[in-house]
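Q:
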Amino acid sequence: MSVLTSTMHEIRKNPALWFLLFVPVVFVYQSINPAAHTVLFLLSVAAIVPLAMTLSRATESVAARTGDMIGGLLNATLGNLTELVIALAALRAGQIVLVKATIAGAIFTNTLFMLGASFLLGGLKNHVQEFNKASARFQTVLMFIASVALVVPSVVAGSGVAGSDAMVADLSVAIAVILLLTYGLGLLFSLKTHKSIFTSRDEGKEHVDEPAWPLSVALPVLAIVTVFIALVSEIFVESVQEASLQLGMSAAFVGFVIVALVGAAAEMTTSFSAARKDRLDLSVSIAIGSASQIALFVAPVIVLLSYVIAPAPTDLVFWPGAVMMVMIATITATMVTSSGRSAWFVGVTLLAVYLIFASALYLIPPRVG
Amino acid sequence: MSVLTSTMHEIRKNPALWFLLFVPVVFVYQSINPAAHTVLFLLSVAAIVPLAMTLSRATESVAARTGDMIGGLLNATLGNLTELVIALAALRAGQIVLVKATIAGAIFTNTLFMLGASFLLGGLKNHVQEFNKASARFQTVLMFIASVALVVPSVVAGSGVAGSDAMVADLSVAIAVILLLTYGLGLLFSLKTHKSIFTSRDEGKEHVDEPAWPLSVALPVLAIVTVFIALVSEIFVESVQEASLQLGMSAAFVGFVIVALVGAAAEMTTSFSAARKDRLDLSVSIAIGSASQIALFVAPVIVLLSYVIAPAPTDLVFWPGAVMMVMIATITATMVTSSGRSAWFVGVTLLAVYLIFASALYLIPPRVG
Amino acid sequence: MSVLTSTMHEIRKNPALWFLLFVPVVFVYQSINPAAHTVLFLLSVAAIVPLAMTLSRATESVAARTGDMIGGLLNATLGNLTELVIALAALRAGQIVLVKATIAGAIFTNTLFMLGASFLLGGLKNHVQEFNKASARFQTVLMFIASVALVVPSVVAGSGVAGSDAMVADLSVAIAVILLLTYGLGLLFSLKTHKSIFTSRDEGKEHVDEPAWPLSVALPVLAIVTVFIALVSEIFVESVQEASLQLGMSAAFVGFVIVALVGAAAEMTTSFSAARKDRLDLSVSIAIGSASQIALFVAPVIVLLSYVIAPAPTDLVFWPGAVMMVMIATITATMVTSSGRSAWFVGVTLLAVYLIFASALYLIPPRVG
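Residue numbers (our numbering), protein chains in the order written: chain L, 3 to 371; chain W, 3 to 371; chain Y, 3 to 371.
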């Protein structure tokens with residue numbers, strides 16, 4: 003089975019992949035009309051969604067073909083490649099606000115929207131659902147560490163000590179290293195020393211995973227699609243600022259809500275479908291797992307890479323509203339997952355908190371930068 | 003049994019109802035001496051307490067006579083009618099600080115003082131008490147959503163973006179709608195789709211409920227008493243500002259502590275008595291249930307009605323101390339109810355947190371408005 | 003067995019006690035060279051550690067010889083005598099920042115570092131460890147009350163009402179009384195009325211306690227060592243400010259990290275050794291118990307004593323970063339102990355949060371005073 007035929011096969015099965023047609027369209031349109039920011043913004047969004055889905059499929063295939071341990075590592079590092087690539091494009095363009103909004107927005111969207119909608123959709127079909135609460139606790143504790151890591155430099159930066167900019171940069175690097183170490187030890191814990199704690203209760207239930215591609219297909223797809231996402235992300239990042247102005251949305255709203263929804267589209271499809279099939283362990287680990295991965299892996303990588311590829315280094319200082327959102331998202335996820343049981347109203351709870359924040363972002367653009 | 007004879011019967015059984023005599027007294031006194039604010043304040047407090055108790059008795063009677071579903075709905079909407087009527091009187095008089103202190107104070111008093119005293123009184127009589135923790139979790143999650151709803155506009159308003167007043171008003175309306183929707187869905191969940199989760203463990207224990215009045219008594223009493231509370235509330239609201247000055251208390255302290263204790267007197271009697279009879283499910287649902295009802299039903303109704311009946315619309319912006327109190331009250335309630343077990347020291351915990359805040363309010367009047 | 007021979011016996015068994023030799027050294031050195039602050043600082047640290055260990059051993063011996071109830075009370079009041087004596091020395095010297103850093107630092111170090119290292123060390127030897135979660139919950143709830151007690155005056159003081167200094171002082175005294183009352187009632191609860199809840203699951207496991215000294219040895223040692231700690235603390239407090247300048251550390255870092263580690267050295271030895279022997283109940287109660295004791299007993303005693311012995315009364319206002327640290331330390335401890343189970347990664351979690359704060363304190367000295 004060649005890359006081409008298997009891609010064709012996938013497109014027939016998943017109509018969303020027809021949107022891959024937007025990938026050539028966005029490149030052609032940009033060469034014709036490079037100043038049509040709003041159109042380019044919409045086209046690049048339409049192109050990134052199917053690319054992210056394909057990327058996600060390829061990552062999972064490679065993971066499935068390489069055994070539990072390496073597969074787990076791959077999923078843990080490449081699982082949010084889309085968000086990483088978008089954030090890197092924004093970083094190279096020097097759009098720090100967009101970088102941070104993308105990171106905070108991904109944490110916030112995955113924890114509240116993706117998890118909430120999964121609980122709601124699953125709960126509408128199943129009266130009460132159970133999931134592995136030890137696994138959920140592990141992910142929410144990781145998110146909590148990340149929240150602390152965001153709140154500390156932000157509070158310190160807000161205290162206004164003279165000359166604190168350089169200090170905050172040093173502190174951000176130190177915290178980035180602590181986060182990466184914690185993430186690495188967390189992988190060791192969950193994939194090796196205490197693997198059994200994370201065993202799903204879903205064994206025997208209907209599976210949602212599609213058959214994995216062979217490595218000969220998955221690896222080239224992974225490489226090619228990543229390049230395309232990087233290319234489209236550049237158009238996206240260039241156009242987003244002008245487009246958001248014309249559409250009457252703030253850069254923070256775009257980062258928090260639009261980019262986050264676009265970047266997580268692939269995971270959402272899987273998470274929602276698993277919830278409806280009562281495989282809630284999968285939903286919970288995708289939703290909170292993505293959030294903690296972005297917080298403990300993508301965010302510190304961005305901070306460290308900013309010393310290499312960005313016009314200026316970036317730090318872990320977020321505006322107070324963003325820190326509050328991440329903190330409250332973490333507390334909400336901790337509260338609703340602590341019992342290991344779910345019903346539809348738990349989803350409503352998470353979505354209500356999401357809507358309150360989304361309204362605030364939409365109606366009152368934060369002053370940042 | 004006519005309204006009059008059954009009222010007489012109640013008064014004989016419940017000596018607190020002798021205080022109903024203060025209702026005519028307060029009206030007579032006001033017509034004689036409308037400027038004696040402190041006396042009028044004290045008289046109106048003395049009149050509201052027995053009125054609130056009678057109102058509560060009438061509401062429960064109507065609820066008991068109309069079946070589980072409608073009864074639950076009635077309790078859920080009229081259960082805090084006293085607080086609603088007082089807040090509306092303050093709203094019409096343009097006393098926004100008092101309105102907000104009443105709302106925040108009711109949440110704070112019910113969660114910390116009423117729940118704490120119930121746990122303490124129950125625990126002094128029973129070594130260890132158990133209660134339905136799923137039900138407590140539901141109520142504390144609702145309160146948590148309300149805390150988020152208060153913290154977001156307050157943080158946003160504090161960020162000082164130019165022209166943010168109109169934005170904050172819009173945001174408050176949006177959040178009020180989200181809260182009411184969540185409250186409605188919560189009723190659907192607890193009264194209909196997942197009713198069984200909320201089943202009390204108290205079945206078979208000694209009952210505290212007095213026999214319900216027939217509808218022919220309860221409905222007129224409900225109507226008449228509401229009117230009287232509204233009339234007395236107006237005298238109360240007119241006199242409170244002058245009286246608090248003369249008594250050396252801030253408007254915030256009066257709203258947070260005095261009004262809240264007055265408004266909740268009826269529920270407290272029931273909650274304490276249930277706790278001593280080891281019917282802790284009832285105590286917990288009255289205490290935290292009242293708090294979440296005020297947060298998710300009374301508060302948004304006040305915001306929306308303020309566009310119709312107030313001199314100026316009000317919003318959901320509270321001063322930072324009030325937001326902190328509501329947030330900490332919610333976290334405290336969540337912590338102490340998560341195990342579903344209680345002993346006397348749990349009550350001490352809640353009362354200690356209550357006393358710390360009450361001391362702060364008494365000793366250091368917040369700057370508001 | 004005389005005091006002298008039993009001391010010799012101890013020293014032979016516990017090599018750390020050789021450091022007792024630093025006690026005479028520090029006094030001699032100070033009389034020779036009273037301006038050598040850095041050397042005196044290091045010498046006094048080296049002298050306090052073995053003194054604290056001996057004090058801890060004497061307190062436990064007295065407790066073991068006087069029965070459960072009085073023994074429990076003694077441990078609860080003298081268990082953190084070292085921290086109390088150091089804080090009193092700093093108080094008499096008018097070094098309020100150091101007093102507060104010592105208190106906040108002890109809470110923070112015991113909760114995050116001592117507990118984290120115990121979980122990590124215990125977890126490296128035992129796959130999964132269990133502990134009495136009711137007991138852990140009791141201690142974390144006490145810490146939560148203390149966090150609220152710290153956050154309220156600090157927020158109030160930060161609101162900048164005119165003339166609020168006297169008000170904050172009044173409030174601090176009121177809260178100190180509330181904390182002491184709560185602490186006393188907590189002892190009544192845990193040592194008398196609900197003793198059985200706190201029963202350890204460790205019965206039958208290998209014991210770590212060394213045999214208790216007879217009272218004829220323990221009481222004189224207790225008295226003499228306390229006097230020595232007081233004397234060495236004075237040298238320590240005098241030298242710390244100059245020394246921290248020369249070593250390039252802020253007073254806050256010294257108080258938070260160095261003093262806290264020094265003061266807790268004795269408890270740490272016991273806690274770590276218990277964790278490795280799978281007696282996690284002991285570790286948890288030492289670590290969180292010390293933290294709650296400092297918060298609810300040492301801190302209010304300091305505030306009340308400051309009216310008697312200090313140049314100026316002190317209050318409960320901490321700088322925002324310190325309040326945040328205590329609050330987050332409490333939340334972290336609550337999260338990780340709620341399940342009653344532990345594995346090595348739980349220790350990593352606590353240590354990661356500790357390292358984030360320690361980095362912030364080291365890199366960015368807070369502006370205080």
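The C-beta atom is built at its ideal place from N, Cα and C for all residues, glycine as well.
Do L/PHE230 and L/LEU53 have their beta-carbon atoms positioned less than 8 Å apart in this structure?
A: Yes.
Q: Less than 8 Å between CB atoms is the rule here; does Y/VAL143 satisfy it with respect to chain W?
A: yes
Q: What do you reckon, are the CB atoms on W/ILE292 and W/GLU269 nearer than 8 Å?
A: The displayed chain sequence assigns Ser, not Ile, to residue 292 of chain W. Yes, these two residues count as a Cβ contact at 8 Å.
Q: Between which two residues does the alpha helix (DSSP H) carrying W/TRP346 extend?
A: 346-365
Q: Residues of chain L with a CB under 7 Å from the CB of W/ILE147: which are they?
A: THR351, ALA354 and VAL355
Q: How many angstroms separate the CA atom of Y/VAL373 from the CA atom of Y/ILE109?
A: Residue 373 of chain Y lies beyond the residue range present for chain Y, which begins at 3 and ends at 371; the question has no answer from this structure.
Q: Over the uninterrupted alpha helix (DSSP H) stretch that includes Y/MET326, give me the two end residues.
A: 322-339
Q: Quick check on the DSSP output: the alpha helix (DSSP H) that includes L/LYS102 runs from which residue to which?
A: 98-110
Q: Taking Cβ-Cβ distances below 9 Å as the criterion, which residues of the segment 186-204 of chain W are in contact with chain L?
A: LEU187, GLY188, LEU190, PHE191, SER192, THR195, HIS196 and ILE199
Q: Starting from Y/GLY323, find everything on chain L with Cβ-Cβ shorter than 9 Å and list it in chain order.
A: VAL154, VAL157, VAL158 and SER161
Q: Where in the segment 232-314 of chain L do unbroken runs of the alpha helix (DSSP H), each at least 4 residues long, occur, reported from the N-terminal end onward?
A: Qualifying alpha helix (DSSP H) stretches, in chain order: 262-265, 267-278, 282-295 and 301-311.
Q: So, does the segment 244-263 of chain Y touch the segment 98-113 of chain Y, judging by three or more C-beta pairs under 8 Å?
A: yes
Q: Which word fits Y/TYR356, buried or exposed, when buried means at least 16 other C-beta atoms lie within 10 angstroms of its C-beta?
A: buried
Q: Considering just the uninterrupted stretch of the alpha helix (DSSP H) at Y/VAL28, what are its terminal residues?
A: 24-34
Q: May I have the straight-line CA-CA distance separating Y/LEU224 from Y/ALA91, to the nearest angstrom?
A: For Y/LEU224 and Y/ALA91, the distance between alpha carbons rounds to 18 Å.
Q: Along the alpha helix (DSSP H) that carries Y/ALA54, what are the first and last residues, could you check?
A: Residues 39-67.
Q: Between L/VAL227 and chain W, is the shortest Cβ-Cβ distance under 8 Å, so that the two count as touching?
A: For L/VAL227, the answer is no, since every Cβ of chain W falls outside 8 Å of its Cβ.
Q: So, does the CB of W/ALA49 fall closer than 8 Å to a CB anywhere in chain L?
A: no
Q: What does the alpha-carbon distance come out to for the pair L/LYS197 and Y/ALA345?
A: 12 Å
Q: By the 10 Å Cβ neighbour count, where 16 or more other Cβ atoms means buried, how is W/ILE311 classified, buried or exposed?
A: exposed
Q: Let me know if W/TRP215 comes out buried or exposed under the rule of 16 or more other beta-carbons within 10 Å of its beta-carbon.
A: buried
Q: Quick check: is the beta carbon of W/VAL150 nearer than 8 Å to any beta carbon in chain L?
A: yes
Q: Which whole runs of the alpha helix (DSSP H) in the segment 67-97 of chain Y are 4 residues long or more, in chain order?
A: 69-80 and 83-94
Q: Please classify L/ASN77: is it buried, with 16 or more other beta-carbons within 10 angstroms of its beta-carbon, or exposed?
A: buried
Q: Have a look at W/LEU42 and W/VAL305 and give me their C-alpha separation to the nearest angstrom.
A: Distance between the alpha carbons of W/LEU42 and W/VAL305 is about 28 Å.
Q: At the 8 Å Cβ level, is W/LEU365 part of the contact set with chain Y, yes or no?
A: yes
Q: Can you pull the DSSP bridge partners for W/GLN131?
A: W/SER344
Q: Give a yes or no on whether the minimum CB-CB distance between L/ALA254 and chain W is below 8 Å.
A: no
Q: Rounded to whole angstroms, what is the Cα-Cα separation between Y/ASN35 and W/VAL150?
A: 59 Å
Q: Note down, in chain order, each residue of its chain lying with its Cβ closer than 6 Å to the Cβ of W/ALA60, except the 5 sequence neighbours on either side.
A: Only ALA220, VAL223 and LEU224 meet the Cβ criterion.
Q: Of all Cβ atoms in chain W, is any one closer than 8 Å to the Cβ of L/MET326?
A: yes
Q: CA-CA distance, L/VAL264 and L/VAL348?
A: 24 Å
Q: Find out if the Cβ-Cβ distance for the pair W/MET145, Y/VAL143 is shorter than 8 Å.
A: The Cβ atoms of W/MET145 and Y/VAL143 lie no closer than 8 Å to each other.
Q: Is W/ASP172 close to chain L? Criterion is C-beta to C-beta, closer than 8 Å.
A: yes
Q: For Y/TRP20, does the three-state DSSP call read helix, strand or coil?
A: Residue state, collapsed to three classes: helix.
Q: W/GLY107: buried (16+ other C-beta within 10 angstroms of its C-beta) or exposed?
A: buried
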